[in-house]
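Below is one structure, written out as structure tokens; the observations come after it.
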Amino acid sequence: MDMKDLNYTLFSEAPLVGEVTIKSVRPCVVAENMVRVLMQFDKEIGEVIPSLVTKYPPGKVNYLEKKNILTLSIHQRLVTLYPSGKVSMNKTVDKEEAVEVIKDVAGLINKTYLEIQGGTSASHDKIREKLSKLGPLAIYDCLPKTNCQLCGEDTCMAFAMKLLSGDVELSMCTELLEPWNTSKVQCLEEVLGPEMMQSMGWKP
Amino acid sequence: MERQLQGAGKILTIILTEGPYRSQYADIAYKIAKSALKLGYGVKMFLYMDATHIPKKEQNPHSFPNVAENFRKLVAMGADIRVCVRCATARGHSCTQKPYLKGVKITNVYDIPQWVRESHRVITLG
Amino acid sequence: MDHVLIIIDKAPYGWEDAFSGFYVAIACLNRELDADVLLIGDGVYAALEGQKPEETIKYPSVEDLTYLIFPEGSLFVHRKSMEDRGIVEDDLVEAAQYVDDEELYEIIKSRTDGTAFLKI
Chain A
0 MDMKDLNYTL FSEAPLVGEV TIKSVRPCVV AENMVRVLMQ FDKEIGEVIP
50 SLVTKYPPGK VNYLEKKNIL TLSIHQRLVT LYPSGKVSMN KTVDKEEAVE
100 VIKDVAGLIN KTYLEIQGGT SASHDKIREK LSKLGPLAIY DCLPKTNCQL
150 CGEDTCMAFA MKLLSGDVEL SMCTELLEPW NTSKVQCLEE VLGPEMMQSM
200 GWKP
Chain B
0 MERQLQGAGK ILTIILTEGP YRSQYADIAY KIAKSALKLG YGVKMFLYMD
50 ATHIPKKEQN PHSFPNVAEN FRKLVAMGAD IRVCVRCATA RGHSCTQKPY
100 LKGVKITNVY DIPQWVRESH RVITLG
Chain C
0 MDHVLIIIDK APYGWEDAFS GFYVAIACLN RELDADVLLI GDGVYAALEG
50 QKPEETIKYP SVEDLTYLIF PEGSLFVHRK SMEDRGIVED DLVEAAQYVD
100 DEELYEIIKS RTDGTAFLKI
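Chains as they are written, first to last, in numbering that gives the first Met the number 0: chain A, 0 to 203; chain B, 0 to 125; chain C, 0 to 119.
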């Protein structure tokens, strides 16, 4: 196979990651009839990875701080990002699907890179401190606590736990959109931070 | 009154990776398995890499105990002995030729995770 | 038992053990049994980056298998074994995590009850 065929342009003008090359396609370890794809971005992403950690719900993120390797449980598969710009993705149908999924991630990488360049991204220490304080109780305190069940969960506590694991989205709590709950929304912004709120499905 | 055997309900899995005679591992495995079976343990043995030579029929060692005959006794005592197909066929023991002792099955490495789940102890020799 | 730690102490290509050991790890992960690999002694060579055996001795690459383990399973490389052989972290595949003796002790201690240790 011609190596040129395996090189895909994701964005014609990108702040950081513009292209991805497919390095290998192998049978997937955990899913029959699916593949695991190993890819390489055209740029290193090591400086962006720590900031990416807060962009996703904690339950979907596995960050190996010692090696700066981030594994995301997204799009029904595991996507592992290495600082060198290498990417591995399992449970994938084919390389075209892999490129589609990775384009989404690359977009967020580029956006985060711009935030870091523009100085609008929180420092790593602040992020670590925030994440260590994050638990279901801290989130529950910022919810309406009415157990109205409109979100589909039995209690607000159950909703808080599923938010952390990434199994529900903030937008499902319609109560939060009510004008008398603005203080709750502010509370959530304090506890989660605006980026994580967005990745949890909050639409301001 | 029948005393319940020590090992009743428990399973020991032994994974072997070395061939017979050059090293003593096959012999050691036989002795461990035999004792365990006598004590009522369930015994499963997975033969991997060069251990796929162990249950070959028609072995005729000159001064040493016949490893295949010992493993035949283990089968008779109820041991579940399986051989990795990839390693066996690489070494020329093809399924169609029926190279092994009766009761020894040619399967694949996926037996290992299943056996690990079911076992109380797993040891590797090699 | 609900977890497997596969210990490899032989260098790849010289012995089949590294290849076969990773194979067992992959089979376990394939059947949803937690599996990690520990490279110790000469086994640390299995995590070197840039292996190209297909071009020379026509053997399948063990390095490729290291990419199939992570992130579902961890790849631990024994630090002292690396130092004894003059290997540094930069020489290894990205997914490899070096562990010193204290960390190794903690890993083993925390898992002993349900872990099957398989030295392949």
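Beta carbons: idealized from backbone N, C-alpha and C, even for Gly.
Because the structure is a prediction, the values reported are computed rather than measured.
First and last residue of the uninterrupted beta strand (DSSP E) at residue i
i	result
T91(A)	85-91
K101(B)	No beta strand (DSSP E) holds K101(B); DSSP gives it neither H nor E.
T8(A)	6-8
L46(B)	41-46
I122(B)	120-124
L4(C)	2-7
DSSP three-state assignment for residue i, whether helix, strand or coil
i	result
R30(C)	coil
F69(C)	coil
W14(C)	strand
D1(A)	Any reading at D1(A) is ruled out, since the residue's pLDDT is 45, under 50, leaving its predicted position unreliable.
R81(B)	strand
S198(A)	helix
A115(C)	strand
V115(B)	helix
D41(C)	helix
K56(B)	coil
D110(B)	helix
S93(B)	coil
E18(A)	strand
D35(C)	strand
S11(A)	coil
S23(A)	strand
P203(A)	coil
S19(C)	helix
S34(B)	helix
D166(A)	coil
F158(A)	helix
L176(A)	helix
L4(B)	coil
Whole-angstrom C-beta distance between residue j and residue i, which should lie under 8 angstroms
i	j	result
G200(A)	L169(A)	5 angstroms
E88(C)	Y81(A)	Contact doesn't hold; Cβ gap of about 14 angstroms is too wide.
L32(C)	V115(B)	6 angstroms
I86(C)	V36(C)	With a Cβ gap of about 16 angstroms, I86(C) and V36(C) do not count as contacting.
S50(A)	K59(A)	With 8 angstroms as the limit, S50(A) and K59(A) do not qualify as a contact, their Cβ atoms being about 16 angstroms apart.
E74(B)	Y22(C)	Per the sequence shown, residue 74(B) should be read as Val rather than Glu. That pair is no contact at about 26 angstroms.
C86(B)	M44(B)	At roughly 14 angstroms, the Cβ-Cβ gap does not stay under 8 angstroms, so C86(B) and M44(B) are not in contact.
V103(B)	V82(B)	6 angstroms
Element boundaries [alpha helix (DSSP H), containing residue i]
i	result
L191(A)	181-191
C86(B)	84-89
A67(B)	66-75
I106(C)	100-110
Check: residue i C-beta below 7 angstroms from any heavy atom of the ligand ATP
i	result
I105(B)	With respect to the ligand ATP, the structure shown offers nothing to examine, as it has no ligands at all.
C-beta neighbour in chain E for residue i, strict 8 angstroms
i	result
Y109(B)	In the displayed structure, chain E is absent; the protein chains listed are A, B and C.
Report the residues of the region 37-62 of chain C with a CB closer than 7 angstroms to any CB of chain A, ordered along the chain.
Of all residues in the region 37-62 of chain C, none comes within less than 7 angstroms of chain A when Cβ atoms are compared.
Ignoring anything shorter than 3 residues or poking outside the region 98-156 of chain A, list the beta strand (DSSP E) runs there in chain order.
Annotation: the region 98-156 of chain A contains no complete segment of the beta strand (DSSP E) (minimum length 3 residues).
Taking only beta carbons into account, state which residues of the region 25-48 of chain A come closer than 7 angstroms to chain C, listed in chain order.
In summary, the residues of the region 25-48 of chain A whose CB is separated from some CB of chain C by less than 7 angstroms are R25, V28, V29, R35, L37, in the order they occur in the chain.
Which runs of the alpha helix (DSSP H) spanning at least 4 residues fall entirely within the region 43-96 of chain C, listed in chain order?
Contiguous alpha helix (DSSP H) elements confined to the region 43-96 of chain C occur at 52-55, 61-68, 78-83, taking only those with 4 or more residues.
Can you list the beta strand (DSSP E) stretches of 3 or more residues lying completely in the region 8-32 of chain B, in chain order?
Runs found: 10-15.
If contact means a Cβ-Cβ distance below 9 angstroms, which residues of the region 32-65 of chain B contact chain C?
Listed by position, the residues of the region 32-65 of chain B near chain C (Cβ gap below 9 angstroms) are Y47, M48, D49.
Residue ranges of each alpha helix (DSSP H) run of no fewer than 4 residues wholly in the region 25-90 of chain A, ordered along the chain?
Entirely contained in the region 25-90 of chain A, the alpha helix (DSSP H) runs reaching 4 residues are, in chain order, 48-51.
Counting only Cβ-Cβ distances shorter than 9 angstroms, please list the residues of the region 53-70 of chain A near chain C, keeping chain order.
Within the region 53-70 of chain A, N61, L63, K65, K66, I68, T70 place their CB atoms closer than 9 angstroms to a CB of chain C, listed in sequence order.
Pull out every residue of the region 70-96 of chain A whose Cβ sits closer than 8 angstroms to any Cβ of chain C, in chain order.
Of all residues in the region 70-96 of chain A, only T70, L77, T79, Y81, P82, S83, K85, S87, N89 place a beta-carbon less than 8 angstroms from a beta-carbon of chain C.
Cβ-based contacts, 8 angstroms cut-off: residues of the region 13-34 of chain C near chain A:
Sequence-ordered contacts of the region 13-34 of chain C with chain A read I25, L28, N29, E31 [C-beta pairs closer than 8 angstroms].
In the region 96-107 of chain B, which residues sit with their C-beta less than 7 angstroms from some C-beta in chain C, listed in chain order?
Within the region 96-107 of chain B, not one residue has a Cβ closer than 7 angstroms to any Cβ of chain C.
Listed in chain order, which residues of the region 102-119 of chain C have Cβ atoms closer than 7 angstroms to some Cβ of chain B?
Answer in chain order: A115, L117, K118, I119.
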